[in-house]
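Reading through the structure tokens given below for one structure.
Number of protein chains: 2
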Amino acid sequence: MKIVSWNINSVRFRIAIVEQFLREAEPDVLCLQETKVIDADFPFAMFRSLGYDHIVIHGQRMHHGVATLSRVPIVADDRFDWQANAEARHVGVRLPNGVRLENVYVPAGGDVPDREVNPKFGQKLDFVARMIDWSRGLDMPTILTGDFNIAPLPSDVWSHKALLKTVSHTPIEVEALDQLQASNDWVDLGRHFHPAPARLHTWWSYRSPDWTVNDRGRRLDHMWATADVAKTATAHTVFEACRSWLSPSDHVPIMTEFDF
Amino acid sequence: MKIVSWNINSVRFRIAIVEQFLREAEPDVLCLQETKVIDADFPFAMFRSLGYDHIVIHGQRMHHGVATLSRVPIVADDRFDWQANAEARHVGVRLPNGVRLENVYVPAGGDVPDREVNPKFGQKLDFVARMIDWSRGLDMPTILTGDFNIAPLPSDVWSHKALLKTVSHTPIEVEALDQLQASNDWVDLGRHFHPAPARLHTWWSYRSPDWTVNDRGRRLDHMWATADVAKTATAHTVFEACRSWLSPSDHVPIMTEFDF
DNA sequence: GGTGTAGAGG
DNA sequence: CCTCTACACC
Chain R
1 MKIVSWNINS
11 VRFRIAIVEQ
21 FLREAEPDVL
31 CLQETKVIDA
41 DFPFAMFRSL
51 GYDHIVIHGQ
61 RMHHGVATLS
71 RVPIVADDRF
81 DWQANAEARH
91 VGVRLPNGVR
101 LENVYVPAGG
111 DVPDREVNPK
121 FGQKLDFVAR
131 MIDWSRGLDM
141 PTILTGDFNI
151 APLPSDVWSH
161 KALLKTVSHT
171 PIEVEALDQL
181 QASNDWVDLG
191 RHFHPAPARL
201 HTWWSYRSPD
211 WTVNDRGRRL
221 DHMWATADVA
231 KTATAHTVFE
241 ACRSWLSPSD
251 HVPIMTEFDF
Chain W
1 MKIVSWNINS
11 VRFRIAIVEQ
21 FLREAEPDVL
31 CLQETKVIDA
41 DFPFAMFRSL
51 GYDHIVIHGQ
61 RMHHGVATLS
71 RVPIVADDRF
81 DWQANAEARH
91 VGVRLPNGVR
101 LENVYVPAGG
111 DVPDREVNPK
121 FGQKLDFVAR
131 MIDWSRGLDM
141 PTILTGDFNI
151 APLPSDVWSH
161 KALLKTVSHT
171 PIEVEALDQL
181 QASNDWVDLG
191 RHFHPAPARL
201 HTWWSYRSPD
211 WTVNDRGRRL
221 DHMWATADVA
231 KTATAHTVFE
241 ACRSWLSPSD
251 HVPIMTEFDF
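Line by line, the protein sequences give chains R and W.
First residue of the first sequence? That's 1 in full-length UniProt numbering, and the numbers climb one at a time after it.
First residue of the second sequence? That's 1 in full-length UniProt numbering, and the numbers climb one at a time after it.
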């Protein structure tokens with residue numbers, strides 16, 4: 001079972017490269033974030049044409065929006081509002097073996113890492129705090145994946161020093177993500193298969209004509225699993241090449257293979 | 001001497017097909033309307049690379065804007081404000097033989113053909129009225145070309161009956177254009193070479209997935225010359241095929257060949 | 001239907 | 001840098 005997470009930055013605008021990726025990587029399940037489309041306008045046709053007939057979406061107008069698409073049967077499960085503002089940032093499904101798959105898009109958090117000056121930063125921390133509450137009570141085999149918008153380890157960013165005051169890598173965010181991981185027996189599958197300080201970036205800003213020149217990447221996208229599920233994982237891949245495809249997302253897909 | 005007029009609907013967005021056209025038709029002079037670019041951002045490079053080194057532009061932000069580009073020497077001449085509102089809708093040049101070439105973009109005139117309800121319609125009629133004043137005093141060999149936004153003859157539109165109340169083909173606009181033509185010894189070179197009711201449309205709305213299906217064209221673009229110049233004209237061509245090029249303008253180029 | 005603008009959000 | 005929305009204008 002191959003499970004992918006990809007912040008696609010508009011699934012309609014990106015439909016061609018999503019198709020290209022699905023044909024090449026052939027995942028069983030695809031978790032998308034930032035679909036930026038209401039459910040009525042979701043581009044079902046391409047996915048169905050490739051056999052992804054099981055589609056669970058939680059969209060909204062303009063921003064955010066998540067979707068989980070599968071060629072094996074999945075069942076819609078929960079939809080948490082971890083930001084308590086009705087933004088479409090989570091959708092959960094059950095896989096055929098009963099494992100829960102939680103697809104999440106953590107808020108970016110604005111520019112200034114200060115709750116007072118920048119309310120978006122506070123909302124991001126609150127979002128993770130509510131994820132921690134949920135995680136503590138969790139007692140089922142679960143995969144938690146998506147765009148967490150936090151790069152926890154020094155080797156998860158192109159320069160630990162340069163980014164200590166940059167939202168996504170500030171100590172307070174890293175501490176929050178560490179607490180989330182400690183709140184259950186979560187395994188960070190990316191680092192499980194590619195221990196730090198291996199290169200494992202999943203995002204490069206658009207604000208550079210050529211992302212490969214300075215190569216200022218960050219690991220914002222993650223695939224976690226509870227220990228019972230994690231021990232069935234056999235591989236984890238970051239599809240860095242997708243960042244150079246035509247009209248790319250600023251994020252690349254990550255994929256974990258499970259032995260079930 | 002081959003002279004072309006083309007409403008290009010953004011010269012920057014359309015730069016590829018302009019280049020394609022110049023390579024295929026090889027005009028000596030190109031009059032563009034709706035360049036939609038300020039002079040500082042005009043895409044000079046492509047034109048210069050093809051030998052169009054003589055460039056006289058009258059641009060503005062956002063809307064309108066005209067440009068005359070030539071591979072034979074031209075000299076900037078007048079810039080009339082026939083709408084008395086500082087919109088960039090005209091630029092005049094002198095050709096090497098002294099003939100004046102007036103490149104004009106007549107206002108579209110809005111939707112409702114009523115001066116009271118729709119001020120844009122009044123501005124269009126006022127614009128033509130000022131052209132008539134100018135034309136009456138004209139005593140030099142002159143070519144007047146551009147997007148006139150009026151289709152004067154019944155055969156200049158896909159349905160005379162259906163368009164009698166549609167701006168561009170209303171009797172009051174046709175009457176204004178007739179007066180303009182009568183105000184000097186103007187020859188309508190399109191109809192000179194392709195007498196009515198020959199097909200001679202130059203514009204098809206974007207509001208149809210396939211312009212060829214209903215083929216609801218109009219002749220909005222014109223090339224006129226005073227009689228002395230007109231008698232040196234040898235051919236007139238409408239490049240209808242350009243309407244099917246990739247990412248086309250809604251107007252196609254028209255070209256007159258002169259024996260000078 | 002298509003183009004330009006502006007601002008929000010990333 | 002890139003996407004979305006909304007609007008003006010054609």
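Quick reminder that beta carbons are idealized off the backbone N, C-alpha and C, glycines included.
No experiment lies behind these values; they were computed from the predicted model shown.
Quiz item: Under three-state DSSP, which class holds W:Met255?
Solution: On the second sequence, position 255 is the one that residue 255 of chain W refers to. If DSSP states are grouped into helix, strand and coil, W:Met255 belongs with the strands.
Self-check item: C-alpha distance - W:Tyr52 paired with W:Val93, whole-angstrom precision
Solution: Locating residue 52 of chain W in the second sequence gives position 52, where the first residue counts as 1. Locating residue 93 of chain W in the second sequence gives position 93, where the first residue counts as 1. Each residue's CA atom was taken as its position, placing W:Tyr52 and W:Val93 some 14 Å apart.
Quiz item: In chain order, which continuous runs of the alpha helix (DSSP H) of length 4 or greater are located wholly inside the region 20-65 of chain R?
Solution: Entirely contained in the region 20-65 of chain R, the alpha helix (DSSP H) runs reaching 4 residues are, in chain order, 44-49.
Exercise. Please state if the CB of W:His64 and the CB of W:Ala88 are separated by a distance shorter than 8 Å.
Key: The residue you call residue 88 of chain W lines up with position 88 of the second sequence. The residue you call residue 64 of chain W lines up with position 64 of the second sequence. Taking the C-beta atoms as reference points, W:His64 is found nearer than 8 Å to W:Ala88.
Practice problem: Tell me, please, whether the region 184-202 of chain R touches the region 221-239 of chain R by the rule of three or more beta-carbon pairs shorter than 8 Å. | Solution: Short answer: they touch.
Quiz item: With C-beta atoms as the reference, is W:Ile3 less than 8 Å away from W:Thr256?
Solution: In the second sequence, the residue the question calls residue 3 of chain W occupies position 3. In the second sequence, the residue the question calls residue 256 of chain W occupies position 256. With respect to the 8 Å criterion, W:Ile3 and W:Thr256 are classified as neighbours on the basis of their beta carbons.
Practice problem: Can you give me the start and stop residues for the beta strand (DSSP E) that W:Ser135 sits inside? | Solution: Here residue 135 of chain W refers to the residue found at position 135 of the second sequence. Run containing W:Ser135: none in the beta strand (DSSP E); it sits in the alpha helix (DSSP H), Pro119 to Arg136.
Practice problem: Could you spell out the range, first to last residue, of the alpha helix (DSSP H) harbouring R:Asn7? | Solution: In the first sequence, residue 7 of chain R corresponds to position 7, counting from 1. First-last for R:Asn7: Lys2 to Asn7, but that is the beta strand (DSSP E), not the alpha helix (DSSP H).
Quiz item: Where do the ends of the beta strand (DSSP E) carrying W:Gly92 lie?
Solution: Locating residue 92 of chain W in the second sequence gives position 92, where the first residue counts as 1. It spans His90 to Arg94 - the beta strand (DSSP E) in which W:Gly92 sits, taken as one unbroken run.
Exercise. Look at the alpha carbon of W:Phe127 and the alpha carbon of W:Asp77, and state the distance between them as a whole number of angstroms.
Key: The residue labelled residue 127 of chain W in the question sits at position 127 within the second sequence. The residue labelled residue 77 of chain W in the question sits at position 77 within the second sequence. If you draw a straight line from the Cα of W:Phe127 to the Cα of W:Asp77, it is about 20 Å long.
Quiz item: Between the Cα of W:Asn214 and the Cα atoms of W:Ser205, W:Val72 and W:Ile8, which residue gives the shortest distance?
Solution: Sequence index remark: in the second sequence, residue 214 of chain W carries index 214 (1-based). For W:Asn214, the closest C-alpha among the options W:Ser205, W:Val72 and W:Ile8 is that of W:Ser205.
Practice problem: Alpha carbon to alpha carbon, how far is R:Ile150 from R:His222? Give it in angstroms, no decimals. | Solution: In the first sequence, counting from the first residue as 1, residue 222 of chain R sits at position 222. In the first sequence, counting from the first residue as 1, residue 150 of chain R sits at position 150. Those two C-alpha atoms are separated by around 9 Å.
Quiz item: What first and last residue would you give for the beta strand (DSSP E) that runs through R:Ile150?
Solution: Position 150 of the first sequence, counting from 1, holds the residue named residue 150 of chain R. In the DSSP assignment, R:Ile150 falls outside any beta strand (DSSP E), carrying neither H nor E.
Quiz item: In whole angstroms, what is the alpha-carbon distance linking W:Leu153 and W:Gly217?
Solution: Locating residue 153 of chain W in the second sequence gives position 153, counting from the first residue. Locating residue 217 of chain W in the second sequence gives position 217, counting from the first residue. Each residue's Cα considered, the two are about 13 Å apart.
Exercise. Output the distance between the C-alpha atoms of R:Asp259 and R:Ser10, rounded to the nearest integer angstrom.
Key: Position 259 of the first sequence, counted from the start, is the residue given in the question as residue 259 of chain R. Position 10 of the first sequence, counted from the start, is the residue given in the question as residue 10 of chain R. A direct Cα-Cα distance of roughly 31 Å separates R:Asp259 from R:Ser10.
Self-check item: Rounded straight-line distance, which links the Cα of R:Ser135 to that of R:Thr226
Solution: If you number the first sequence from 1, residue 226 of chain R lands on position 226. If you number the first sequence from 1, residue 135 of chain R lands on position 135. The alpha-carbon of R:Thr226 is positioned some 10 Å away from that of R:Ser135.
Quiz item: For R:His54, which residues from the same chain have a beta carbon less than 6 Å from its beta carbon, with the 5 sequence-adjacent residues on both sides left out?
Solution: Counted from its first residue, the first sequence places residue 54 of chain R at position 54. The beta carbon of R:His54 is closer than 6 Å to those of Ser70, Pro73 and Ile74 in its chain, skipping five residues each way along the sequence.
Quiz item: Which of helix, strand or coil does DSSP assign to R:Asp178?
Solution: By one-based count along the first sequence, residue 178 of chain R stands at place 178. For R:Asp178, the secondary structure class from DSSP, reduced to helix, strand or coil, is helix.
Quiz item: Assuming R:Ser247 contacts R:Ile8 under a Cβ cut-off of 8 Å, what Cβ separation, rounded to an integer in Å, is found between them?
Solution: Indexing the first sequence from 1 puts residue 247 of chain R at position 247. Indexing the first sequence from 1 puts residue 8 of chain R at position 8. Incorrect: roughly 11 Å between the Cβ atoms, too far for contact.
Quiz item: How would you label R:Met131, buried or exposed, when you count the other beta carbons within 10 angstroms and need 16 or more for buried?
Solution: In the first sequence, counting from the first residue as 1, residue 131 of chain R sits at position 131. Result: buried.
Exercise. Check the C-beta distance from R:Thr202 over to R:Leu220 and give it rounded, since I have them as a contact under 8 Å.
Key: Locating residue 202 of chain R in the first sequence gives position 202, counting from the first residue. Locating residue 220 of chain R in the first sequence gives position 220, counting from the first residue. In this structure R:Thr202 touches R:Leu220 by the C-beta definition: roughly 6 Å separates them, less than 8 Å.
Exercise. Could you tell me which residues DSSP pairs with R:Thr142 in its beta bridges?
Key: For this step, residue 142 of chain R is matched to residue 142 along the first sequence. The partner list for R:Thr142 (beta bridge, DSSP) reads R:Arg100.
Quiz prompt | Bounding residues of the beta strand (DSSP E) (the contiguous stretch that carries R:Ala225) | solution = Reading the first sequence from its first residue, position 225 is the one you call residue 225 of chain R. R:Ala225 -> beta strand (DSSP E) spans Asp221 to Thr226.
Quiz item: Taking the continuous alpha helix (DSSP H) assigned at W:Thr234, which residues delimit it?
Solution: Reading the second sequence from its first residue, position 234 is the one you call residue 234 of chain W. For W:Thr234, there is no enclosing alpha helix (DSSP H); the residue is part of the beta strand (DSSP E) that begins and ends at Ala233 to Val238.
Quiz item: To which residues of the same chain is R:Trp158 closer than 8 Å at the C-beta, ignoring the five residues directly before and after it?
Solution: Looking up residue 158 of chain R in the first sequence gives position 158. Within the same chain, His201, Asn214, Asp215, Arg216, Gly217 and Arg218 come within 8 Å of R:Trp158 by CB-CB distance, once the 5 residues on both sides are set aside.
Quiz prompt | Beta carbon of W:Val117 nearer than 8 Å to that of W:Asn103 | solution = Here residue 117 of chain W refers to the residue found at position 117 of the second sequence. Here residue 103 of chain W refers to the residue found at position 103 of the second sequence. Result no, Cβ atoms of W:Val117 and W:Asn103 do not sit closer than 8 Å.
Exercise. Using DSSP bridges, identify the partner residues of W:Tyr206.
Key: By 1-based counting over the second sequence, the position of residue 206 of chain W is 206. DSSP, once it has assigned bridges, lists no residue as partnering W:Tyr206.
Self-check item: Same chain, Cβ closer than 8 Å to W:Ile15, neighbours up to 5 away in sequence not counted
Solution: One-based indexing of the second sequence puts residue 15 of chain W at position 15. A distance below 8 Å between beta-carbons, with the five flanking residues on each side excluded, links W:Ile15 to the following residues of its chain, in chain order: Pro43 and Met46.
Practice problem: Please say whether W:Lys120 and W:Gly137 have beta carbons closer to each other than 8 Å? | Solution: Here the question's residue 137 of chain W lines up with position 137 in the second sequence. Here the question's residue 120 of chain W lines up with position 120 in the second sequence. Not closer than 8 Å, so no.
Self-check item: Inter-residue CB distance, W:Val66 and W:Leu32 (contact presumed, cutoff 8 Å)
Solution: Translated into the one-based positions of the second sequence, residue 66 of chain W becomes position 66. Translated into the one-based positions of the second sequence, residue 32 of chain W becomes position 32. So it is a contact: roughly 6 Å between Cβ atoms.
Quiz prompt | Simplified DSSP assignment, three categories, for R:Arg218 | solution = Within the first sequence, residue 218 of chain R is the residue found at index 218, counting from 1. DSSP places R:Arg218 in strand when its eight states are reduced to three.
Self-check item: Cutoff 8 Å; reference W:Asp28; Cβ partners in own chain excluding five residues on either side
Solution: As a first step, residue 28 of chain W must be located in the second sequence, where it is residue number 28. Met1, Lys2, Ile3, Ser70, Arg71 and Val72, listed in sequence order.
Quiz item: What do you get for R:Ser208, buried or exposed, if any count of 16 or more other CB atoms within 10 angstroms of its CB means buried?
Solution: For the purposes of this step, residue 208 of chain R is taken as the residue at position 208 of the first sequence. Exposed.
Quiz item: If we call anything under 8 Å between Cβ atoms a contact, is R:Trp224 one with R:Leu144?
Solution: In the first sequence, residue 224 of chain R corresponds to position 224, counting from 1. In the first sequence, residue 144 of chain R corresponds to position 144, counting from 1. Result yes, Cβ atoms of R:Trp224 and R:Leu144 sit closer than 8 Å.
Exercise. Starting from W:Val187, trace the beta strand (DSSP E) both ways and give me its first and last residue.
Key: Taking the first residue of the second sequence as 1, we reach residue 187 of chain W at position 187. Looking at the DSSP string, the run of the beta strand (DSSP E) that includes W:Val187 is Trp186 to Asp188.
Quiz item: Roughly how many angstroms lie between the CA atoms of W:Thr170 and W:Leu189, to the nearest whole one?
Solution: Within the second sequence, numbered from 1, the residue matching residue 170 of chain W stands at position 170. Within the second sequence, numbered from 1, the residue matching residue 189 of chain W stands at position 189. The C-alpha of W:Leu189 is placed about 22 Å away from the C-alpha of W:Thr170.
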